[in-house]
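Novice: Provided herewith is a single structure, encoded as structure tokens, for subsequent inquiry.
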Amino acid sequence: MGPSDTGTIPHPVTEELRATIAAAGITESTDLVARILATGIGLGIDDTERLDLKITSAALSEMRAAFRLFAPYRGTPKVTIFGSARTLPDDALYRQASEAATALAERGWMVVTGAGPGIMQAAAEGAGPHNSLGVSIRLPFEERPNAVVGANARSVAMKYFFTRKLMLVKESSGFVCVPGGFGTLDEMFELLTLQQTGKADPTPIVLLDAPGGTFWTGLRRFVDDHLIPSGVISKGDFDRVLITDSVTAAVDELTGFYRNYDSLRWVGKRLVLRVKAEPTDAEVEALNAAFGDLVTEGGIERRGPLAVEIEDDDELQWPRLVLRLDQFRVGELYRLIRAVNSLESAPAG
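Under this note's numbering, think of the first position of the sequence shown as 1419, with each following residue one higher.
Okay, here's the thing in structure tokens:
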């Protein structure tokens, strides 16, 4: 631990922390474990109010429980399905969520929900107990984990919405939002904000309605009529989502996003896109012609893993596209990914 990690923590205490970590048998990421412990001691040194300490303690404990829940399934693609807890089983939206979850489970995806009733239960039922994970919230008037995730102990309960939302977003490779109330809209807009600002990697977002429904198209009109003209968002910011009333289209959007695109990594100012099939010279040239305005220096280059990726043994099996992306255009990265997925060299969908 360096000075910035320990603050005013006395040196003998930092040595005791190291000894405690060693005695616990911890051998991986000991620097980060030490920083977590040092932060806790620092809160005590700061005479932090008890309520603030309770918030910190609960949040850290909840995150540990959630990390342990998700850890065995880290290599499995997951979709988080958001929606209202008040939707009843005879509602068309309930059937849509259930059918989408079933179709995704059949393609090898797990389904993550808020573990409550309504749309959350519909999605868990559709995926089945062995393909469902839940992150519930403890409220005074509702809600216990639904029977699907509760029966298999595949859920964790959170006191705070911020830790719950972290886990509902962090672990998933795609998202489906079904019409709902304030909570659903909050979750949907946070997804858009995270991707618009580059705080989350690009992922597919589907706004799934009932057959013939107008909930999401009404939101689209609000965006087009008010947000874009007022200049508070850019014209293409909402184009990253798919609005549909088709379960098939929703599933294809989610799975198709990873047809050729695998993952990304920032190495300094360079963005590395890992793809499943090496693009041809002509395809790289076409990508440069179409997306050169996103690049600040040089162009989009085809190459192998960078030195730091080799050092970290980080997804070395994939070809790469490397570029210096304009940081102010990070919210448009989804356009490049969609183009990469449409290349003729891409694996068959």
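Note that the Cβ used here is the ideal one computed from N, Cα and C, for glycine as well.
1) Tell me which same chain residues have a C-beta within less than 7 Å of the C-beta of Gly1654, skipping the five on either side of it?
2) Nearest-angstrom Cα distance between Thr1474 and Thr1611?
3) Can you tell which of Val1690, Met1538 and Asp1731 has the C-alpha that lies nearest to the C-alpha of Leu1682?
4) Taking all protein chains shown into account, do 16 or more other C-beta atoms lie within 10 angstroms of the C-beta of Thr1426, making it buried, or fewer, making it exposed?
5) Which word fits Pro1723, buried or exposed, when buried means at least 16 other C-beta atoms lie within 10 angstroms of its C-beta?
6) Using DSSP's beta-bridge definition, name the partner residues of Val1740.
7) Once DSSP output is grouped into helix, strand and coil, what is the label at Thr1424?
8) For Ser1550, which residues does DSSP report across the bridge?
9) Taking the alpha-carbon positions, what's the Arg1692 to Leu1506 distance?
10) If the criterion is Cβ atoms closer than 7 Å, does the pair Ala1523 and Asn1549 meet it?
11) Is the segment 1633-1640 in contact with the segment 1479-1498, if contact means three or more CB pairs nearer than 8 Å?
12) Pick out whichever of Lys1694, Phe1500 and Leu1557 has its Cα sitting closest to the Cα of Leu1625.
13) Mind checking who Ala1575 pairs with in its DSSP beta bridge?
14) Where does Gly1552 land, buried or exposed, given buried means 16+ other C-beta within 10 angstroms?
15) Give every residue of the same chain whose Cβ lies closer than 6 Å to the Cβ of Phe1488, excluding the five residues on either side of it in the sequence, and list them in chain order.
16) Say whether the segment 1573-1584 touches the segment 1510-1526, bearing in mind that this needs 3 or more beta-carbon pairs closer than 8 Å, one atom from each stretch.
17) For Leu1761, which residues from the same chain have a beta carbon less than 7 Å from its beta carbon, with the 5 sequence-adjacent residues on both sides left out?
18) Going by DSSP in three states, Met1419 sits in which element: helix, strand or coil?
19) List the endpoints of the continuous alpha helix (DSSP H) containing Lys1496.
20) Taking the alpha-carbon positions, what's the Phe1593 to His1429 distance?
21) Excluding the five sequence neighbours on either side, which residues of its own chain have a C-beta within less than 8 Å of the C-beta of Glu1727, listed in chain order?
22) Along the chain, where does the beta strand (DSSP E) containing Ile1661 start, and where does it finish?
23) Would you kindly work out how many angstroms separate the C-alpha atoms of Leu1557 and Thr1520, rounded to a whole number?
24) If you measure between the beta carbons of Ala1618 and Ala1695, is that distance less than 7 Å?
25) Alpha carbon to alpha carbon, how far is Glu1543 from Val1566?
26) Going along the chain, which residues of its own chain have a beta-carbon closer than 7 Å to the beta-carbon of Trp1736, five neighbours each way excluded?
27) Determine the contact status of Val1665 and Glu1446, defining contact as a CB-CB distance below 7 Å.
28) Between which two residues does the beta strand (DSSP E) holding Phe1746 run?
29) Just mark Asp1642 as buried or exposed, buried being the case when its beta carbon has 16 or more other beta carbons within 10 Å.
30) Exposed or buried, Leu1450, counting other C-beta atoms within 10 Å across all chains shown (16 or more means buried)?
31) Which runs of the beta strand (DSSP E) at least 3 residues long sit entirely within the segment 1609-1661? Give them in chain order.
Specialist: If we stick to the structure as given:
1) Glu1750
2) 25 Å
3) Val1690
4) exposed
5) buried
6) Val1690 and Glu1719
7) In this prediction, Thr1424 has a pLDDT of 45, which is less than 50 and means its spatial position is unreliable; nothing more can be read from the coordinates.
8) Val1529
9) 42 Å
10) yes
11) no
12) Phe1500
13) Ser1554
14) buried
15) Glu1589
16) no
17) Asn1678, Pro1697 and Glu1701
18) Model confidence at Met1419 stands at a pLDDT of 48, short of 50, so the residue's coordinates are unreliable; what they give is reported in the following sentence. If DSSP states are grouped into helix, strand and coil, Met1419 belongs with coil.
19) Premise fails: Lys1496 lies in the beta strand (DSSP E), Lys1496 to Phe1500, not in any alpha helix (DSSP H).
20) 46 Å
21) Arg1683, Val1685, Val1690, Glu1733 and Leu1734
22) Val1659 to Thr1662
23) 29 Å
24) no
25) 6 Å
26) Asp1680, Arg1692, Val1693 and Lys1694
27) no
28) Counting along the chain, Phe1746 falls outside any beta strand (DSSP E), and DSSP gives it neither H nor E.
29) exposed
30) exposed
31) 1623-1626
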